[in-house]
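Protein sequence lines, in the order shown, are assigned to chains A and B.
All the letters of the first sequence, read from the start, carry residue numbers 9 to 695 under my numbering.
All the letters of the second sequence, read from the start, carry residue numbers 4 to 93 under my numbering.
All residues carry an ideal CB built from backbone N, CA and C; glycine is no exception.
All of these numbers come straight from a predicted model, not from anything done at the bench.
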Amino acid sequence: VSDAKQNSSKGSSATDLERHEQTIVVGLAGQPNVGKSTIFNLTTGLSQHVGNWPGKTVERKEGMLVHQDIKLRLVDLPGTYSLTANSEEERITRDFILHERPDVIVMIADASALERNLYLLAELLVLPVPVVLGLNMMDVAEAQGIHIEPHVLEAALGLPVITLVAARNQGVSELIAAAERLAREPAGFKPTRPKIAGPHREVLAQIRTLLGQYVPAPYREDWVALKLLEGDMEITEKARSWLPDADWSSVAALLKEHEDAVLDIASGRYEWIARMVRAAVIHPRLGQISVTDRLDRFAVHPFWGLLLLLAMFGLVFWLTFTVATPIQHWLDVYVIERLQGLLASGLTEAPSWLADLLVNGVLGGVGIVVTFVPILAVFFTALALLEDTGYLARAAYVMDRFMHFLGLHGKSFLPLFLGFGCNVPAIMGARVIGSQSGRLLTILLAPLVPCSARLLILALLTPVFFGNQALMVSWGLVSLNILVLAIVGITLNHTVFRGQHAAFIMEMPLYHLPNLRSIGHFVWNNIWSFLRKAGTIILLVSVVVWALSNFPGSDIEQSYLARFGQSLTPIGQLMGMDWRLIVALLSSFIAKENAIATLGILYGAGEEGRGLAETMAAVVSPATALSFLAVTMLFIPCAATVAVMYKETRSWRWTLFDVTLLLVIALTVGVIIYQAAHWLGIGVSGA
Amino acid sequence: VLKKLLYLAAGQGTTRITELASELGVSTVLVQEMLEDLMRQDYIVAVVPACLIPCERCPLSTACLFRNQPRIWALTQKGEQFLAISLKKK
Chain A
9 VSDAKQNSSK GSSATDLERH EQTIVVGLAG QPNVGKSTIF NLTTGLSQHV
59 GNWPGKTVER KEGMLVHQDI KLRLVDLPGT YSLTANSEEE RITRDFILHE
109 RPDVIVMIAD ASALERNLYL LAELLVLPVP VVLGLNMMDV AEAQGIHIEP
159 HVLEAALGLP VITLVAARNQ GVSELIAAAE RLAREPAGFK PTRPKIAGPH
209 REVLAQIRTL LGQYVPAPYR EDWVALKLLE GDMEITEKAR SWLPDADWSS
259 VAALLKEHED AVLDIASGRY EWIARMVRAA VIHPRLGQIS VTDRLDRFAV
309 HPFWGLLLLL AMFGLVFWLT FTVATPIQHW LDVYVIERLQ GLLASGLTEA
359 PSWLADLLVN GVLGGVGIVV TFVPILAVFF TALALLEDTG YLARAAYVMD
409 RFMHFLGLHG KSFLPLFLGF GCNVPAIMGA RVIGSQSGRL LTILLAPLVP
459 CSARLLILAL LTPVFFGNQA LMVSWGLVSL NILVLAIVGI TLNHTVFRGQ
509 HAAFIMEMPL YHLPNLRSIG HFVWNNIWSF LRKAGTIILL VSVVVWALSN
559 FPGSDIEQSY LARFGQSLTP IGQLMGMDWR LIVALLSSFI AKENAIATLG
609 ILYGAGEEGR GLAETMAAVV SPATALSFLA VTMLFIPCAA TVAVMYKETR
659 SWRWTLFDVT LLLVIALTVG VIIYQAAHWL GIGVSGA
Chain B
4 VLKKLLYLAA GQGTTRITEL ASELGVSTVL VQEMLEDLMR QDYIVAVVPA
54 CLIPCERCPL STACLFRNQP RIWALTQKGE QFLAISLKKK
C-alpha cells in the first residue's frame with residue numbers, strides 16, 4: 009500500500025467511508041505519459057473501478073480515497089494534449105468537466121517538458137473548474153538541468169503547484185491535500201488566464217453578446233464564443249442548433265470574417281506559456297551555447313557555411329585519393345592485369361575472338377569498373393559519416409540559402425541535394441514543388457548536380473593526370489558544376505520561368521556520434537547496387553564496345569567504333585580529344601561508369617604491367633584530360649535520368665531542350681578549357 | 004506570436020527553428036509546439052525533403068544520401084493567402 013494511501017486513509021475503514029456524506033470529485037488530467045496512472049494507482053489502490061465512458065470504447069477508471077476524513081472520488085481522464093475535440097479522448101475530458109462538473113481538476117505535467125504541457129493547462133483554465141497543477145518527474149527535470157521554482161510558478165499561475173516524483177511516491181499526499189483544500193474553498197481560485205492577443209478580443213465580446221441567453225447549461229457563453237472562434241466543429245454544430253437563424257447568420261458572418269482569430273487565441277496561450285516559463289524555470293543552458301549551436305554558428309553561416317561545405321567536399325576527395333586510389337591502382341595493376349594474363353593463358357585453345365572478348369572486353373571493361381569498389385567504399389563512408397553526424401542537413405540549408413541568394417526557387421534545393429547521390433531521385437523529387445514552372449526548372453537543373461557516378465570518375469582520373477594537384481582539380485570541377493548550375497538557374501529563372509518565392513521552416517537534427525552499423529549498411533547497399541550495375545548494364549556495354557572496336561578487322565583504328573569516333577573528331581579536336589575519349593564520353597550516356605569501362609577497353613591494350621592509369625597518362629595530355637573531365641561532369645545525363653526527365657515532364661520538347669542545353673554547355677566549357685590551356689601553354693602534350 | 008512566426012518564416016526563405024525562437028524570444032520547444040499548432044490549423048504543412056513516399060516504402064531508401072533529414076515545414080495555400088491578405092491590410 010502506498011505511502012500516499014496510508015497517509016490519506018490513516019484511521020479510515022470501509023465503514024468510515026460510508027459515513028462520509030460529502031464526496032469530492034477529482035478529475036485527473038494530463039498529457040499521455042506524464043505519470044497520471046502511477047498517481048491514480050498510488051492514491052486509489054484496490055478501490056478502483058474500471059468501466060467504459062458512456063457510448064465510448066475508451067476506458068474509464070475511478071477510485072476512492074479518504075483524506076482527513078473527506079472522501080474523494082478520483083476519475084482518471086484519458087491522456088490529451090489539448091481540449092479541442094479533435095479526438096475522442098479530448099471530447100471525453102472536456103465533456104466530463106462540463107457535464108459532470110468535478111470539484112477540482114488535478115493536472116499532471118511533465119516537469120522536464122513543462123512548455124509542452126502548459127497548453128493543456130491554458131485550455132483547462134477557461135473551463136468552470138478549479139485546477140491544481142502537479143509537476144511530476146521533477147527528478148528527470150533536475151537531471152536535465154532544468155530547475156523549476158514551484159513557488160514562483162504558483163504565484164505566476166495563481167493556482168496551487170505541487171512538485172512530485174510519483175515513481176518514488178514523493179509529493180503525492182501533498183497533491184491530494186492541495187486538491188482537497190481547493191475543492192473545499194474554490195472561491196479563492198483566481199488564476200492568471202491567457203488573454204486573446206490582438207484585435208479579436210472585441211470580436212469575442214461581440215459573439216458572446218450574440219450568443220446571449222441561448223447557450224444552455226452546463227455551457228457558458230464565454231467558453232462557447234471562444235470555441236466558435238477557434239473553429240471547434242462540435243461546438244459550432246451545437247451553437248447552430250441553439251441560436252435562431254438570424255442570430256446564427258450574424259455569428260457565422262463574424263466567424264467567416266475572422267477566420268484567423270484562432271491564431272490570436274493560440275498566440276495568447278503561447279505568450280502566456282512563455283511568460284510562465286520565463287518566470288519560474290531556470291534553464292542552466294540558457295545563455296550558454298550547446299555543442300550544436302556552437303557548431304552551427306559556422307556550419308550554417310552564409311559565408312563560412314558555404315566555405316565549410318566546399319571544404320567538406322575537398323575532404324571527401326582527399327580521403328578518397330589518400331586511402332582508396334592507391335588500392336584501386338594496385339587492384340588494376342596486380343589483380344585485373346594478372347587475371348587478364350591468367351585468363352589469356354587459360355584460353356589459348358579457345359577461338360581468339362572469344363579470348364579477346366573475355367580478356368579485353370569483359371575484364372578490361374567490367375574489371376576496371378570493379379576496381380572502383382575501394383573508391384566507392386571510402387567515398388560513401390565519408391558521405392555517410394557526414395550524413396549520420398547531422399552535417400548534411402546543414403549543407404542542404406547552406407545550399408538553400410545560396411540558391412535564394414541567387415534568386416532561385418527555394419524548394420528546388422531539396423530534390424537537387426539528392427542529386428549528389430543520383431540524378432534520378434532528384435528529378436522524381438521535384439514533384440514536391442507545387443508550381444509547374446518551379447518543378448520544371450528543378451528537373452532541368454538536376455543533371456548539373458554531380459552524381460556519385462560522375463564523382464567516382466573524377467576520383468579515379470584526376471590523380472592519374474594531376475598527381476598532387478588532383479584534390480584541387482576535383483574540387484574545382486565540382487565547384488564548376490555548381491557555378492554552371494547557378495548561372496543556368498538564374499538565366500532560366502529570369503527568362504523562361506518567373507522567379508517564385510518559397511518559404512520553409514527547418515528543424516536541424518542535433519549533431520551526434522555516427523552509428524557505425526547504419527553507415528556500414530549504407531555503404532554496403534551502395535556497393536552492392538554498383539556491382540549489380542557492373543554485372544548487367546556495364547557488362548553489356550563493354551561487350552558492345554569491344555565488338556565494335558574489334559570488327560571488321562583486328563586493327564582497332566579501322567574498327568567500326570573508330571570510324572564512328574573519327575567522324576566526330578572535328579569537334580573532339582577543339583577539346584584535344586581523340587576518338588577514344590569521344591566514344592568514352594558517348595558510352596557514358598548508357599551509364600556514367602561506362603566511360604571508365606570504355607577507356608579500359610580502348611586504352612587497356614597498352615603495354616604489359618601498366619594499368620589503365622599509366623597508359624592514359626602516357627597518351628593523354630593534362631589539358632585534354634581536364635577538358636575531358638569537365639565535359640564528363642557537365643555532359644548529358646545518363647539514359648535513366650533522361651527517361652525519368654521525360655516521364656516527369658511528359659514533354660519531349662523540354663527533355664530534348666535540356667539534353668541539347670547540357671550538350672552545348674559541356675562542349676563549350678570543354679573547348680574553352682582546352683583552348684585556354686593551349687593558349688597558356690599548360691599541359692598540352694601527354695607525359 | 005503565431006502571426007509573427009508566419010511573417011518571419013515567409014520573409015527569409017528557409018528559416019531555422021533556432022532563429023525563430025531567438026526572434027520571438029521563446030524556446031525552441033515552444034516554437035515546435037507552435038508549428039504543430041499551425042500545422043493542425045492548416046497554415047503550414049510538414050514536407051518530406053524531395054520525397055513523396057515515406058522512407059519505409061521507398062526502393063531507394065537503403066542507398067539514399069539524405070536519411071538523417073531535417074524536419075521541414077512549408078506554407079500551405081491557406082498560409083500563403085493569410086500572409087497575402089495581411090500584407091495587403093498593412
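Residues bridged to Leu36 (chain A) (per DSSP): According to DSSP, which records beta bridges pairwise, Leu36 (chain A) is partnered with A:Asp84 and A:Val114.
Counting Cβ pairs, one atom from each stretch, are 3 or more of them under 8 angstroms apart for the segment 635–643 of chain A and the segment 480–496 of chain A? With the cut-off at 8 angstroms, the segment 635–643 of chain A and the segment 480–496 of chain A touch.
Who are the Cβ neighbours of Ala542 (chain A) in its own chain at under 6 angstroms, not counting the five residues just before and after it? Around Ala542 (chain A): Val374, Val377 and Val378.
Determine, for Ala24 (chain B), whether the minimum Cβ-Cβ distance to residues of chain A falls below 8 angstroms. Taking Cβ atoms only, chain A never reaches closer than 8 angstroms to Ala24 (chain B), which makes this a no.
By how many angstroms is the C-alpha of Met145 (chain A) removed from the C-alpha of Gln44 (chain B)? Distance between Gln44 (chain B) and Met145 (chain A), taken at the CA atoms: about 31 angstroms.
For Leu371 (chain A) and Val32 (chain B), what's the separation of their Cα atoms in angstroms? Pairing Leu371 (chain A) with Val32 (chain B), the inter-Cα distance amounts to about 58 angstroms.
Is it the case that the segment 51–69 of chain A contacts the segment 166–177 of chain A, given that we only count it when at least three CB pairs across the two stretches are under 8 angstroms? Short answer: they don't touch.
Less than 8 angstroms between CB atoms is the rule here; does Met42 (chain B) satisfy it with respect to chain A? So no, Met42 (chain B) is outside the interface.
What is the rounded straight-line gap between the Cα of Ala599 (chain A) and the Cα of Pro433 (chain A)? Computed Cα separation, rounded: 15 angstroms.
Outcome for Leu672 (chain A) when other beta-carbon atoms lying within 10 angstroms are tallied against a minimum of 16: Reading off the sequence, residue 672 (chain A) comes out as Val, not Leu. The residue is exposed, with fewer than 16 neighbouring Cβ atoms inside 10 Å.
My guess is that Ala570 (chain A) and Ser557 (chain A) are in contact by the Cβ rule of under 8 angstroms, so how many angstroms apart are they, rounded? Indeed they touch by this definition, with Cβ atoms about 7 angstroms apart.
C-alpha distance - Tyr278 (chain A) paired with Arg99 (chain A), whole-angstrom precision: The alpha-carbon separation between Tyr278 (chain A) and Arg99 (chain A) amounts to approximately 22 angstroms.
Would you mind listing the alpha helix (DSSP H) stretches within the segment 150–237 of chain A that are 4+ residues and don't spill past its ends, in chain order? If only uninterrupted alpha helix (DSSP H) runs of at least 4 residues are considered, those enclosed by the segment 150–237 of chain A are 158–165, 180–192 and 208–219.
Roughly how many angstroms lie between the CA atoms of Ser120 (chain A) and Ala149 (chain A), to the nearest whole one? Looking at the backbone, the Cα of Ser120 (chain A) and that of Ala149 (chain A) are separated by about 4 angstroms.
If we call anything under 8 angstroms between Cβ atoms a contact, is Val33 (chain A) one with Arg81 (chain A)? Yes, the Cβ-Cβ distance between Val33 (chain A) and Arg81 (chain A) is below 8 angstroms.
Taking only three categories from DSSP, how would you classify Arg43 (chain B)? For Arg43 (chain B), the secondary structure class from DSSP, reduced to helix, strand or coil, is helix.
So Val406 (chain A) and Leu317 (chain A) are supposed to be a Cβ contact under 8 angstroms. How far apart are they, rounded? Their Cβ separation, rounded to whole angstroms, is 5 angstroms, which keeps Val406 (chain A) and Leu317 (chain A) in contact under 8 angstroms.
Tyr342 (chain A), buried or exposed, once every other Cβ within 10 Å from all chains shown has been counted against 16: It counts as exposed.
Residues of chain B with CB closer than 8 angstroms to the CB of Leu384 (chain A), please, in chain order. None at all; the shortest Cβ gap to chain B is about 11 angstroms.
How would you list, in chain order, the residues of chain B whose beta-carbon sits under 8 angstroms from the beta-carbon of Glu123 (chain A)? Going along chain B in sequence order, the residues near Glu123 (chain A) (Cβ under 8 angstroms) are Ser30, Val32, Leu33 and Glu36.
Using DSSP with H/G/I as helix, E/B as strand and the rest coil, what is His107 (chain A)? In this structure, His107 (chain A) counts as helix in the three-state DSSP scheme.
Check the Cβ of Lys91 (chain B) against every Cβ in chain A and list those closer than 8 angstroms, keeping chain order. The contacting residues do not exist; Lys91 (chain B) stays about 13 angstroms from chain A at best.
Same chain only: Cβ atoms within 6 angstroms of Ala467 (chain A), ignoring 5 sequence neighbours per side: Thr328 and Ile383, listed in sequence order.
So with Cβ pairs under 8 angstroms, would you call Ala494 (chain A) a contact of chain B? Judged by the 8 angstroms Cβ criterion, Ala494 (chain A) is not in contact with chain B.
Sort B:Glu39, B:Leu9, B:Leu41 and B:Asp40 by Cα distance to Glu26 (chain B) and report the nearest one. For the residues B:Glu39, B:Leu9, B:Leu41 and B:Asp40, the minimum Cα distance to Glu26 (chain B) belongs to B:Leu9.
Leaving out five residues on either side along the sequence, give the residues of the same chain with a beta carbon under 7 angstroms from the beta carbon of Ile604 (chain A). Only Ile376, Val377, Ile465 and Leu468 meet the Cβ criterion.
What is the DSSP secondary structure of Val42 (chain A), counted as helix, strand or coil? Coil at Val42 (chain A), not helix or strand.
Classify Leu90 (chain B) as buried or exposed, calling it buried when 16 or more other Cβ atoms lie within 10 Å of its own Cβ. Counting of Cβ neighbours within 10 angstroms places Leu90 (chain B) among the exposed residues, the total staying below 16.
Quick one: Cα of Leu521 (chain A) to Cα of Ser249 (chain A), how far? Between Leu521 (chain A) and Ser249 (chain A), the C-alpha separation is close to 59 angstroms.
Give the secondary structure of His520 (chain A) by DSSP, where H, G and I count as helix, E and B as strand, and everything else as coil. DSSP places His520 (chain A) in coil when its eight states are reduced to three.
Neighbourhood of Arg74 (chain B) by C-beta distance below 8 angstroms, restricted to the same chain and skipping five residues each side: Sequence-distant Cβ neighbours of Arg74 (chain B) in its own chain, meaning closer than 8 angstroms and more than five residues away, are Ala49.
Pick from A:Ala555, A:Glu656, A:Val481 and A:Phe380 that is closest to Leu362 (chain A), judged by C-alpha positions: Here the closest residue by C-alpha is A:Ala555.
When you compare the CB of Leu237 (chain A) with every CB in chain B, is at least one pair closer than 8 angstroms? No, because no Cβ of chain B sits closer than 8 angstroms to the Cβ of Leu237 (chain A).
For His337 (chain A), name the three-state secondary structure that DSSP assigns. Here His337 (chain A) sits in helix by DSSP.
Roughly how far, in whole angstroms, is the beta-carbon of Ser90 (chain A) from the beta-carbon of Ala205 (chain A), given that I think they are within contact range, below 8 angstroms? Cβ-Cβ separation between Ser90 (chain A) and Ala205 (chain A): approximately 18 angstroms, too far for a contact (criterion under 8 angstroms).
What span of residues does the alpha helix (DSSP H) with Leu23 (chain B) cover, start to end? Where Leu23 (chain B) is concerned, the enclosing alpha helix (DSSP H) stretches over Ile20 to Leu27.
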